[in-house]
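K.L.:
Residue numbers (the numbering used here): 16 to 291. This is the structure I have questions about; it appears just below.
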Ligand code: ATR
């Protein structure tokens with residue numbers, strides 16, 4: 016029986032076991048997917064012992080994604096682009112790493128807002144952490160001409176701009192609403208708006224009419240940002256699709272079937288989020 020897991024610290028919030036468990040059932044695969052709470056100081060040893068624990072691969076979540084990238088022996092282009100890994104598998108015993116957040120982000124927008132990238136104009140990214148880095152890579156791959164990054168800690172935004180080159184520009188957090196002129200896609204990658212966090216204070220009335228607004232926060236599913244954007248008549252994409260789509264490539268690696276993100280799966284996870 017093939018076994019995979021998600022590794023994080025803490026891990027109780029993860030919906031990955033529910034997602035992969037659903038696919039194992041739907042495709043009739045005799046496999047197992049569990050969660051492993053591993054403290055940062057034990058993570059390198061745990062990852063290097065994956066095979067010994069009987070795992071053929073794993074998802075990696077907060078706070079281990081950068082460490083997983085460092086420890087992996089082979090990294091695909093997505094991991095290199097993001098500088099972090101969320102999907103691990105073994106090839107002839109060798110630890111291989113990918114970052115499927117880029118795929119998850121793009122596939123979600125294609126599904127929820129078809130044609131969102133047609134204009135290839137200006138995108139605004141709020142936040143400059145690991146998720147922002149993957150998303151900026153995805154936006155540049157889709158040939159957006161400019162990506163404006165706005166972060167509370169300006170230096171982190173500067174680092175991303177230096178990494179990605181002149182298409183990425185830094186705007187001040189205090190003057191964030193001024194970055195919305197010509198904006199075609201707005202993506203919130205900060206934790207703001209998540210249950211238990213302050214809400215994201217921006218003026219959606221400053222966004223142009225055609226803007227697509229995406230929040231990668233999925234708990235709650237409809238964040239105050241998405242609610243306000245929807246009320247304003249803008250197209251919106253919630254964060255659940257990114258979570259579901261980023262899971263698919265790992266499942267295929269470990270269990271040999273490319274799983275589908277169906278309305279049934281979405282409803283299952285949405286119902287679980289409602290309980291939170
Ligand atoms: P992830 O991997 O999910 O991107 P992260 O690297 O911890 O997580 O990044 C979290 C992002 O949310 C950062 O951009 C962070 O801003 P800082 O770089 O200034 O820390 C942003 N963030 C978190 N709490 C915030 C708050 N109260 N106000 C503004 N931004 C916040």
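Beta carbons: idealized from backbone N, C-alpha and C, even for Gly.
(1) Can you tell me whether DSSP reads residue 224 as helix, strand or coil?
(2) Leaving out five residues on either side along the sequence, give the residues of the same chain with a beta carbon under 8 Å from the beta carbon of residue 187.
(3) Give the DSSP-derived three-state secondary structure of residue 51 in the structure shown.
(4) Hey, would you say residue 219 sits closer than 8 Å to residue 243, going by beta carbons?
(5) Go to residue 187, then tell me how far its beta strand (DSSP E) extends in each direction, as first and last residue.
(6) Fully enclosed by the stretch 86 to 170, which alpha helix (DSSP H) runs are 4 residues long or longer?
(7) Entirely within the stretch 238 to 271 and at least 3 residues each: give me those beta strand (DSSP E) ranges in chain order.
(8) So residue 264 packs on residue 38, CB below 8 Å; how close in whole Å?
(9) For residue 93, tell me which candidate among 30, 151, 32 has the shortest Cα-Cα distance.
(10) If we ignore side chains and look at the alpha-carbon of each, how far apart do residue 45 and residue 182 end up?
(11) For the putative contact between residue 172 and residue 185, defined by C-beta atoms under 8 Å, what is the C-beta separation to the nearest angstrom?
(12) Candidates 41, 29, 17: which alpha carbon is nearest residue 279's?
(13) Got a sec: does the ligand ATR put a non-hydrogen atom nearer than 7 Å to the Cβ of residue 143?
(14) Assign residue 89 to one of two classes, buried (16 or more other C-beta atoms within 10 Å of its C-beta) or exposed (fewer than that).
(15) Between residue 147 and the ligand ATR, is there a pair consisting of the residue's CB and a ligand heavy atom that are separated by less than 7 Å?
(16) Name the DSSP beta bridge partners of residue 18, please?
(17) For the beta strand (DSSP E) containing residue 203, list its first residue and its last residue.
(18) Does the stretch 21 to 33 come into contact with the stretch 73 to 86, if we say contact requires no fewer than three beta-carbon pairs (one atom in each stretch) closer than 8 Å?
(19) Between which two residues does the beta strand (DSSP E) holding residue 75 run?
(20) Tell me, please, which residues DSSP counts as bridged to residue 230.
(21) Assuming residue 82 and residue 120 make a contact with CB atoms under 8 Å, what is their CB distance in whole Å?
(22) Which partner residues does residue 23 have in the DSSP bridge list?
(23) Does the stretch 135 to 144 touch the stretch 98 to 117, meaning 3 or more C-beta pairs lie closer than 8 Å?
P.N.:
The structure says:
(1) Looking up residue 224 in the chain shown gives position 209. The three-state reading of DSSP puts residue 224 in coil, since its state is none of H, G, I, E or B.
(2) Here residue 187 is taken as the residue at index 172 of the chain shown, counted from 1. Taken in chain order, the residues that qualify are 165, 169.
(3) Taking the first residue of the chain shown as 1, we reach residue 51 at position 36. DSSP places residue 51 in strand when its eight states are reduced to three.
(4) For the purposes of this step, residue 219 is taken as the residue at position 204 of the chain shown. For the purposes of this step, residue 243 is taken as the residue at position 228 of the chain shown. Cβ atoms of residue 219 and residue 243: closer than 8 Å.
(5) What you label residue 187 is simply residue 172 of the chain shown in a count that begins at 1. It spans 183 to 187 - the beta strand (DSSP E) in which residue 187 sits, taken as one unbroken run.
(6) 92 to 97, 116 to 127, 145 to 156
(7) 250 to 252
(8) Walking along the chain shown from the start, residue 264 turns up at place 249. Walking along the chain shown from the start, residue 38 turns up at place 23. Contact doesn't hold; Cβ gap of about 12 Å is too wide.
(9) Counted from its first residue, the chain shown places residue 93 at position 78. The shortest C-alpha separation from residue 93 is found at 151.
(10) The residue given as residue 45 occupies position 30 in the chain shown. The residue given as residue 182 occupies position 167 in the chain shown. Separation of residue 45 and residue 182 (C-alpha to C-alpha, rounded to the nearest whole angstrom) is 47 Å.
(11) Here residue 172 refers to the residue found at position 157 of the chain shown. Here residue 185 refers to the residue found at position 170 of the chain shown. Correct: roughly 5 Å between the Cβ atoms.
(12) Locating residue 279 in the chain shown gives position 264, counting from the first residue. Nearest C-alpha to residue 279: 41.
(13) Locating residue 143 in the chain shown gives position 128, counting from the first residue. Yes; taking the cut-off as 7 Å, the Cβ of residue 143 has a heavy atom of the ligand ATR nearer than that.
(14) As a first step, residue 89 is located in the chain shown; it is residue number 74 there, counting from the start. When all chains shown are included, residue 89 counts as exposed.
(15) The count along the chain shown starts at 1 and reaches residue 147 at position 132. Within the cutoff, so yes.
(16) Residue mapping note: residue 18 aligns to position 3 of the chain shown, counting from 1. Residue 18 is bridged to 47.
(17) The residue given as residue 203 occupies position 188 in the chain shown. 198 to 203 is the extent of the beta strand (DSSP E) around residue 203.
(18) yes
(19) Here residue 75 refers to the residue found at position 60 when the chain shown is read from its first residue. From DSSP, the beta strand (DSSP E) with residue 75 extends over 72 to 75.
(20) As a position in the chain shown, residue 230 is number 215, starting the count at 1. Answer is 203, bridged to residue 230.
(21) To locate residue 82, count along the chain shown from 1; it is residue 67. To locate residue 120, count along the chain shown from 1; it is residue 105. Contact doesn't hold; Cβ gap of about 22 Å is too wide.
(22) As a position in the chain shown, residue 23 is number 8, starting the count at 1. Residue 23 is bridged to 52.
(23) no
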